[in-house]
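Enquirer: Handing you a structure now.
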Amino acid sequence: MSDVQAVQPVQRHTVRTLVASQVAGGLGVSAAIAVGAVVVTEVFGRDDLSGLVQSAQVLGAALLAMPAASLAVSYGRRVGLGVTYALGAVGALIAVVATELQVFPLLLLGTALLGGGTAAGLQARYAATDLAPAGGRGRALSVVVWSTTVGAVAGPNLAGPAGDLASSMGIEPLAGPFLVGAVVLGLGALVILTGLRPDPLLTARQLGSASGDPPVRRRGVLRAGWTAITASPPAVLGLTTVVVGHTVMVTVMVMTPVHMTHGGASISVIGFVISVHVAGMYALSPVMGWLADRVGRVPVILGGVLILLASVALAGTAHEGHSAGLTAGLFLLGLGWSACMVAGSTLLTDAVGGDDRPAVQGASDLLMGLAAAGGGALAGIVVGTFGYGVLNASAAVLLAAPVIAMLIPACRSLSNTRSA
779 MSDVQAVQPV QRHTVRTLVA SQVAGGLGVS AAIAVGAVVV TEVFGRDDLS
829 GLVQSAQVLG AALLAMPAAS LAVSYGRRVG LGVTYALGAV GALIAVVATE
879 LQVFPLLLLG TALLGGGTAA GLQARYAATD LAPAGGRGRA LSVVVWSTTV
929 GAVAGPNLAG PAGDLASSMG IEPLAGPFLV GAVVLGLGAL VILTGLRPDP
979 LLTARQLGSA SGDPPVRRRG VLRAGWTAIT ASPPAVLGLT TVVVGHTVMV
1029 TVMVMTPVHM THGGASISVI GFVISVHVAG MYALSPVMGW LADRVGRVPV
1079 ILGGVLILLA SVALAGTAHE GHSAGLTAGL FLLGLGWSAC MVAGSTLLTD
1129 AVGGDDRPAV QGASDLLMGL AAAGGGALAG IVVGTFGYGV LNASAAVLLA
1179 APVIAMLIPA CRSLSNTRSA
């Protein structure tokens, strides 16, 4: 039996386990972040700080990306993913306490640790490619991304029932979604720690070398990842795509609930719009994976950029409160993110060697999270000073970066041809 045939059952089991954990992780994170900005506005009475909760969560996910990658390099995906999911559960519990006691710095700490759920969810997509054949990486990655749909769409709609549950327990109603997040993120950690056996990364390593030992590095994981990325123009394009796509999505999404609240929209209506947005992010990701494998990574990236441009045009011209244009814009915001995330991540994986992939993937998630955290932090200031429309226009400007990353290799090639 060939290695490819022998590994197929392991790959199927790996994807099934990752799918189960993603359902729980998507539910936990989306339930919490749907009300994060509203908690600051309603409980703490600070519109100007409303973007910081989302930024703390995104920053936490970014800062936990490299420790998760380091754990994966040393101990495999099971430990890396399981520990970060568990940290997310702890963070959600801290956020419950912070909301109840109205301690804003503690809320930021809790939501930063909640980012562990996001970090695990993002790196799970790469775990699906460890044993996948090159021609099927896009589909394997996209199935794991898609599986987040169930939990992520349901999460924001649990804001009302979670609030009722919290009230019945004598807790601030807006702390309810954080409480739900703690429980289901804990379940996600349990699924990974007990179910992800054999470990896909360790199995891939064993198939690729006689010893199966982790690669010996003379550099840190972050430096190794960055060096591998900068040495490959396709990797630079993949990195630029996921960083910009994620930053645009987070920057616009984080301030949408506040924009709607200013127009008198209820928390249930806000939850519905965010659910539509999350459906756009995940529901069609298998289509994006199929297209990335069949049509190519770069055409799907370009399509994702165009969809994101359409989304910020619709959202940026929508009035405060709820509107059909805003709902459509948020759906397209999620869809464009999906195209950029699936195709960009797959291109990044293709562009580097197997030994470098965990480090490259961790570095990518770190930079993606840092950029999105910065965008989220500035979003509240921009909206408070200039308005939601200017925020969307600023996001549109960022989308030039992936196009430039596509053009640079072509320009260099043309220049070399003329020189010759």
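Heads up: the sequence shown runs through residues 779 to 1198, numbered per our numbering.
The beta carbon of each residue, even a glycine, is placed where N, CA and C say it ideally should be.
May I ask you to report which of helix, strand or coil DSSP gives Gln901?
Expert: If you number the sequence shown from 1, residue 901 lands on position 123. Correct three-state label for Gln901: helix.
Enquirer: What distance in whole Å lies between the Cβ atoms of Ala843 and Gly1140, which are believed to be in contact at a cut-off of 8 Å?
Expert: One-based indexing of the sequence shown puts residue 1140 at position 362. One-based indexing of the sequence shown puts residue 843 at position 65. About 5 Å separates the two Cβ atoms, so the contact holds.
Enquirer: Assign Ala840 to one of three DSSP states: helix, strand, or coil.
Expert: Sequence index remark: in the sequence shown, residue 840 carries index 62 (1-based). Three-state result, Ala840: helix.
Enquirer: Pick from Ala1106, Pro883, Leu1015 and Gly866: whose alpha carbon is nearest that of Val962?
Expert: Here residue 962 refers to the residue found at position 184 when the sequence shown is read from its first residue. The option with the nearest alpha carbon to Val962 is Gly866.
Enquirer: If you check the beta carbons only, do Ala906 and Pro1012 fall under 8 Å apart?
Expert: On the sequence shown, residue 906 is found 128 positions in, with the first residue counted as 1. On the sequence shown, residue 1012 is found 234 positions in, with the first residue counted as 1. No. Outside cutoff.
Enquirer: Taking only the alpha-carbon atoms, compute the straight-line gap between Leu1145 and Val881 and give it to the nearest angstrom.
Expert: To locate residue 1145, count along the sequence shown from 1; it is residue 367. To locate residue 881, count along the sequence shown from 1; it is residue 103. Using only the alpha carbons, I get a separation of about 29 Å.
Enquirer: Would you please state the rounded distance, in angstroms, between the beta carbons of Met752 and Val1120? I believe it to be under 8 Å.
Expert: The structure shown does not extend to residue 752, since the chain is modelled only from 779 to 1198, so the question has no answer here.
Enquirer: Taking the continuous alpha helix (DSSP H) assigned at Ile949, which residues delimit it?
Expert: Here residue 949 is taken as the residue at index 171 of the sequence shown, counted from 1. Careful: Ile949 lies outside any alpha helix (DSSP H) and carries neither H nor E.
Enquirer: Between the C-alpha atoms of Met947 and Ala1088, what's the straight-line distance to the nearest angstrom?
Expert: Counting from 1 along the sequence shown, the entry for residue 947 is found at position 169. Counting from 1 along the sequence shown, the entry for residue 1088 is found at position 310. So the two alpha carbons sit approximately 44 Å from each other.
Enquirer: Can you name the start and end residues of the alpha helix (DSSP H) that Ala1141 belongs to?
Expert: Locating residue 1141 in the sequence shown gives position 363, where the first residue counts as 1. Looking at the DSSP string, the run of the alpha helix (DSSP H) that includes Ala1141 is Arg1135 to Thr1163.
Enquirer: Where Leu1148 and Val1020 are concerned, what is the direct C-alpha to C-alpha distance, given to the nearest angstrom?
Expert: Indexing the sequence shown from 1 puts residue 1148 at position 370. Indexing the sequence shown from 1 puts residue 1020 at position 242. Cα to Cα, Leu1148 sits roughly 12 Å from Val1020.
Enquirer: Compare the Cα-Cα distances from Cys1118 to each of Leu885, Leu1084 and Pro951 and report the closest residue.
Expert: Residue numbering aside, residue 1118 sits at position 340 when the sequence shown is read from its first letter. The option with the nearest alpha carbon to Cys1118 is Leu1084.
Enquirer: Let me know the secondary structure DSSP gives His1097 once reduced to three states.
Expert: One-based indexing of the sequence shown puts residue 1097 at position 319. DSSP places His1097 in coil when its eight states are reduced to three.
Enquirer: Check whether the segment 972-979 touches the segment 897-912, counting contact only when three or more Cβ pairs, one atom from each stretch, lie closer than 8 Å.
Expert: In short, these stretches touch, since the Cβ pair count reaches three.
Enquirer: For Gln786, I'd like the list of residues in its chain whose CB is within less than 8 Å of its CB, leaving aside the five on either flank, ordered along the chain.
Expert: Position 8 of the sequence shown, counting from 1, holds the residue named residue 786. Once the five neighbours on either side are set aside, Gln786 has no close Cβ partner at all.
Enquirer: Based on Cα-Cα distance, which residue from Gly806, Ala1173, Leu1086 and Leu1125 lies nearest to Met1184?
Expert: Along the sequence shown, one-based indexing puts residue 1184 at 406. Closest option to Met1184, Cα to Cα, is Leu1125.
Enquirer: Assign Val969 to one of two classes, buried (16 or more other C-beta atoms within 10 Å of its C-beta) or exposed (fewer than that).
Expert: By one-based count along the sequence shown, residue 969 stands at place 191. It is buried - the Cβ of Val969 has at least 16 other Cβ atoms within 10 Å.
Enquirer: Looking at the structure shown, is Ala1061 part of a helix, part of a strand, or coil, going by DSSP?
Expert: Residue mapping note: residue 1061 aligns to position 283 of the sequence shown, counting from 1. Ala1061: coil per DSSP, three-state reduction.
Enquirer: Mapping the DSSP letters down to three states, classify Leu965 as helix, strand or coil.
Expert: Position 187 of the sequence shown, counted from the start, is the residue given in the question as residue 965. In the structure shown, Leu965 sits in a helix (DSSP, three-state: H, G or I).
Enquirer: Going straight from the alpha carbon of Asn935 to that of Ser1053, what length do you get?
Expert: Here residue 935 is taken as the residue at index 157 of the sequence shown, counted from 1. Here residue 1053 is taken as the residue at index 275 of the sequence shown, counted from 1. Taking the straight line from one Cα to the other gives about 7 Å.
Enquirer: Leaving aside the five residues before and after Ser920 along the sequence, list all residues of the same chain whose C-beta is less than 6 Å from its C-beta, in chain order.
Expert: Position 142 of the sequence shown holds residue 920. Excluding sequence neighbours, Ser920 sits near Ser1063, Pro1064, Met1066, Gly1067 and Val1120.
Enquirer: Kindly provide the ranges of any beta strand (DSSP E) runs that are 3 or more residues long and lie completely inside the segment 997-1083, ordered along the chain.
Expert: Counting whole runs of 3 or more residues, the segment 997-1083 contains no beta strand (DSSP E) stretch at all.
Enquirer: Give the secondary structure of Ala906 by DSSP, where H, G and I count as helix, E and B as strand, and everything else as coil.
Expert: In the sequence shown, the residue the question calls residue 906 occupies position 128. Three-state DSSP puts Ala906 in coil, outside helix and strand.
Enquirer: What does a CB cutoff of less than 7 Å around Glu950 pick up in its chain, not counting 5 residues either side in sequence?
Expert: Translated into the one-based positions of the sequence shown, residue 950 becomes position 172. Closer than 7 Å at the Cβ level, and outside the excluded window around Glu950, lie Val821, Thr877, Glu878 and Ala944.
Enquirer: Can you find at least 3 beta carbon pairs, one from the segment 1092-1101 and one from the segment 1175-1182, that sit closer than 8 Å?
Expert: Contact between the segment 1092-1101 and the segment 1175-1182 is absent, because fewer than three Cβ pairs lie under 8 Å.
Enquirer: Please confirm if the segment 921-929 is in contact with the segment 787-804, defined as three or more CB-CB distances below 8 Å between the two stretches.
Expert: Yes, since at least three Cβ pairs between the segment 921-929 and the segment 787-804 fall closer than 8 Å, the two stretches touch.
Enquirer: Compare the beta carbon distance of Gly1023 and Leu1113 with 8 Å and say whether it is the shorter of the two.
Expert: Walking along the sequence shown from the start, residue 1023 turns up at place 245. Walking along the sequence shown from the start, residue 1113 turns up at place 335. No, Cβ-Cβ distance for Gly1023 and Leu1113 is not below 8 Å.
Enquirer: Helix, strand or coil: which one does DSSP assign to Gly986?
Expert: Taking the first residue of the sequence shown as 1, we reach residue 986 at position 208. Helix at Gly986.
Enquirer: Alpha helix (DSSP H) containing Arg915: first to last residue?
Expert: Residue 915 sits at position 137 when you count from the first residue of the sequence shown. Arg915 to Asn935 is the span of the alpha helix (DSSP H), which, as asked, contains Arg915.
Enquirer: What do you reckon, are the CB atoms on Leu802 and Gly929 nearer than 8 Å?
Expert: Mapped onto the sequence shown, residue 802 falls at position 24. Mapped onto the sequence shown, residue 929 falls at position 151. Reading off the sequence shown, one finds Ala at residue 802, where the question assumed Leu. It is a contact, given that the beta carbons lie within the stated cut-off.
Enquirer: Do the segment 805-822 and the segment 999-1011 touch if we need at least three Cβ pairs shorter than 8 Å?
Expert: The answer is no - the segment 999-1011 does not touch the segment 805-822, with fewer than three Cβ pairs under 8 Å.
Enquirer: Would you give the residue range spanned by the alpha helix (DSSP H) that Ala1106 belongs to?
Expert: Counting from one through the sequence shown, the residue named residue 1106 turns up at place 328. Ala1102 to Asp1128 is the extent of the alpha helix (DSSP H) around Ala1106.
Enquirer: Pick from Val1181, Tyr1166, Asp1143 and Ser1116: whose alpha carbon is nearest that of Arg917?
Expert: Residue numbering aside, residue 917 sits at position 139 when the sequence shown is read from its first letter. Of Val1181, Tyr1166, Asp1143 and Ser1116, the residue nearest in Cα terms is Ser1116.
Enquirer: When burial is assigned at 16 or more other CB atoms within 10 Å of the CB, is Val1168 buried or exposed?
Expert: Locating residue 1168 in the sequence shown gives position 390, counting from the first residue. Exposed, since its Cβ has fewer than 16 Cβ neighbours within 10 Å.
Enquirer: Who are the near neighbours of Ile1048 in its chain, counting only those whose CB is closer than 6 Å to its CB and skipping five residues on each side?
Expert: Here the question's residue 1048 lines up with position 270 in the sequence shown. Counting only Cβ-Cβ distances below 6 Å, and skipping sequence neighbours, we find Pro1035 and Met1038.
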